[in-house]
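Peer 1: Residues in the sequence shown are numbered from 1 upward in steps of one, following UniProt numbering.
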Amino acid sequence: MTALTQDEEKLAKAAIEENEKLRRLLNEANNESRANDDYNGTDTERADSIFSLKRRNDILRGEIADLQNQLVASDVSAAETVHKYNRLQAKRAHLRNEVQGLRNIKMHQTPKVREANRFAGERMQMKKSSDEANRATKNEIKTLKEMREKEIEQLHVTMRKEAYLKERVDCTVLPTHLRDKHALKAAIDAKERTIKKLEYDIEIAQNRQGNRSNYGGHNEEKDIGKLREEYVKLQETLTTLQYELN
């Protein structure tokens with residue numbers, strides 16, 4: 001049942017008051033009727049009026065009962081509304097507490113999140129620096145490798161030249177049986193120049209070997225060994241020539 005409006009409540013109160021007035025009139029009429037029982041004739045108009053009043057009273061009673069039921073239903077509906085309102089208020093308070101709890105969690109977690117972001121940024125920066133350092137190291141290794149290959153190639157060229165000179169020296173006829181001092185002196189000078197050149201080449205090769213020891217120097221050691229062997233042979237030949245010259 002729907003709740004009564006303000007006008008309907010006023011109408012219900014007015015009907016109740018009018019019903020009370022009709023009850024009083026009915027009681028007065030009944031009293032007058034008992035007082036006039038000794039009267040032989042009944043007043044028709046008064047009887048009709050009383051019947052009409054009773055009927056009207058019954059109708060008003062029915063209307064009053066309906067209005068009272070509506071008032072009760074209105075009270076029940078109001079109670080339900082109040083109950084729903086209180087329940088919504090409680091739910092709102094619960095949600096407010098949850099929101100505040102989430103805000104507190106966010107407030108406490110913000111420094112940790114900031115620290116985690118800072119740590120992640122530092123790791124990315126370190127990785128970037130490490131990658132750059134690795135690239136620089138690889139480029140340096142590549143450059144040193146190219147330099148070593150060029151130096152090895154240059155050393156091989158020098159060794160080929162020395163082999164050619166050695167071959168020419170070996171093919172030179174030593175003039176010991178002719179006692180040609182000028183020829184002996186020329187041969188001695190050639191040997192000395194070749195020996196000095198070998199000494200210089202050996203020194204250069206040793207320096208290069210020391211500077212490139214971290215990248216492997218097996219070929220350089222073999223080349224230096226050959227140069228030393230040639231150097232020893234030339235020294236022996238030079239000694240022989242000097243002996244012949246004297």
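For every residue, glycine included, the Cβ atom is placed at its ideal position computed from N, Cα and C. Note that the structure is a prediction, hence the values are computed from the model and not measured.
1. Just mark T194 as buried or exposed, buried being the case when its beta carbon has 16 or more other beta carbons within 10 Å.
2. Go ahead and label D201 buried or exposed: buried means 16 or more other beta carbons lie within 10 angstroms of its beta carbon, across all protein chains shown.
3. Straight-line CA distance for I59 to A14?
4. Apart from the five residues on each side of it in sequence, which residues of its chain come closer than 7 Å, Cβ to Cβ, to T239?
5. Roughly how many whole angstroms lie between the Cα atoms of Q89 and G101?
6. If you draw a straight line from the alpha carbon of N86 to that of N97, how long is it in whole angstroms?
7. CA-CA distance, Y215 and R118?
8. So, is D208 buried or exposed, given that buried needs 16 or more other C-beta atoms within 10 angstroms?
9. Rounded to a whole number of angstroms, what is the C-alpha to C-alpha distance between A163 and Q235?
10. Give the straight-line distance between the Cα atoms of K106 and K84, rounded to the nearest whole angstrom.
11. Check each candidate in F51, S52 and L198 and name the one with the smallest Cα separation from K233.
12. Leaving out five residues before and five after K145 in sequence, what residues of the same chain have Cβ atoms less than 6 Å from its Cβ?
13. For E20 and H94, I'd like the C-alpha separation in whole angstroms.
14. Please classify A205 as buried or exposed, where buried requires at least 16 other C-beta atoms within 10 Å of its C-beta.
15. Please return the same chain residues whose Cβ sits closer than 7 Å to the Cβ of E192, not counting the five positions on each side in sequence.
16. With DSSP as the reference, label N40 as helix, strand or coil.
17. For E203, I'd like the list of residues in its chain whose CB is within less than 7 Å of its CB, leaving aside the five on either flank, ordered along the chain.
Peer 2: Concretely, from the data shown:
1. When all chains shown are included, T194 counts as buried.
2. The residue is buried, with at least 16 neighbouring Cβ atoms inside 10 Å.
3. CA-CA distance, I59 to A14, rounds to 14 Å.
4. There are no such residues.
5. For Q89 and G101, the gap between their C-alpha atoms comes out near 18 Å.
6. The straight-line gap separating the alpha-carbon atoms of N86 and N97 is approximately 16 Å.
7. Any reading at Y215 must be qualified, since the residue scores a pLDDT of 45, below 50, and its modelled position is unreliable; the value itself is stated next. Rounded to whole angstroms, the separation of the alpha carbons of R118 and Y215 is 40 Å.
8. What sits at residue 208 in the sequence shown is Arg, not Asp. When all chains shown are included, R208 counts as buried.
9. Answer to the nearest angstrom: the Cα atoms are 16 Å apart.
10. Spanning the alpha carbons of K106 and K84 requires a straight line of approximately 33 Å.
11. Comparing C-alpha distances from K233 to each of F51, S52 and L198 shows the shortest one belongs to L198.
12. Nothing meets the Cβ criterion.
13. For the pair E20 and H94, the Cα-to-Cα distance works out to about 51 Å.
14. Buried: at least 16 other Cβ atoms inside 10 Å.
15. The answer, listed in chain order, is L238.
16. Here the model assigns N40 a pLDDT of 44, short of 50, so the residue's position is not dependable, and the following value carries that caveat. In the three-state reduction of the DSSP assignment, N40 falls in the coil class.
17. Answer for E203: no residue qualifies.
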